[in-house]
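Quick note: the sequence shown uses the numbering used here, first residue 39, plus one each step. Beta carbons are placed, not taken as given, at the ideal position from N, Cα and C, and that holds for glycine. Treat the numbers as computed from the prediction; the structure is a model and nothing was measured.
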Amino acid sequence: IGLRLIYDFVDRYDRDELDEMEKASYLAGAIERQRESNDITRDEMAELCLIALFVGVDTTSSVTAWNLVHLALNPECQEKLHAELVESLNAKGSNGGTRLNADVIGKKVSPYLHLCFRESHRATPAFGAAMWKGNSHNEIEIHGETLPQGSMVQMGHISYDEDYIDEPKQFRPERWTAEGVASRKGTKSEVLDHPFMRDPFSQGARRCPGSRVATNEIHAMISQLVLDWKISVPDENINSLDDISYDASPIKPIIPELKFESRR
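Structure below.
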């Protein structure tokens, strides 16, 4: 279905039927670059765009979902964020302080929103493992552990390593304030503040090309939901992240049912 929609878009591009937003889209740009360079075929371009667009959407929804789970499990953080957003909306919002805009969700105006986003990424990154490596040759021993031939090794994050972070199972957005970052300078824990650990989108030349759009989408979605709804976990057996199965697969998070109660 996805490829068919992309080919339909290409056909409309050829017939000059795209609107202004479609002409400025990632897909329209990819069509132009493919035809100018001919480095890849039309079908290869379509398949690459399919992967990029769909993975981008699914990863963004995963990150958003985990942010909401953390706020639901930590109502004091949710209420602090709600108070900040109300103040920011009144001061910088559009339509007389009633509608979100880029200023409201900016880091200078709503810093706690960004701290929550950073802490959620630490606790439940979109990709549960940093690297996978298969042992396809021979049985090998590493630090006293025997890895049989054909086994798969998964390298996890240090987000829950107590040698690097205090109370790793606690959701504490304040870890990422300027004071928190300064306190880790010169210690082994300062690796937590490395740019590659900062968000789900990597850095440098390999940074996700849609990272800014995705980040703004996540910030806007979380902000609007927290402004409009009080979010909680109705299941009395779920009181912390330990009570939720965290699957290492990147795209489809397994999260508990959430309850939304109107704040208005």
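- Straight-line spacing of the CA atoms in H108 and E55 works out to 44 angstroms.
- Counting only unbroken stretches of 4 or more residues, the alpha helix (DSSP H) elements lying wholly within the segment 70-129 are 80-111, in sequence order.
- A direct Cα-Cα distance of roughly 11 angstroms separates I293 from N105.
- Taking the C-beta atoms as reference points, A258 is found nearer than 8 angstroms to I143.
- Within the DSSP secondary-structure output, T184 pairs in a beta bridge with E179.
- Closest in alpha carbon position to R42, among K145, D81, L230 and Q72, is D81.
- With respect to Q72, M59 sits apart: the two C-beta atoms are not nearer than 8 angstroms.
- As DSSP reads the structure, Q192 sits in a beta bridge with W170.
- In this structure, the beta-carbon distance from E122 to S148 falls below 8 angstroms.
- Within a 10 Å sphere around the beta-carbon of S158 sit 16 or more other beta-carbons, which makes this residue buried.
- Collapsing the DSSP output to three states places S300 in a strand.
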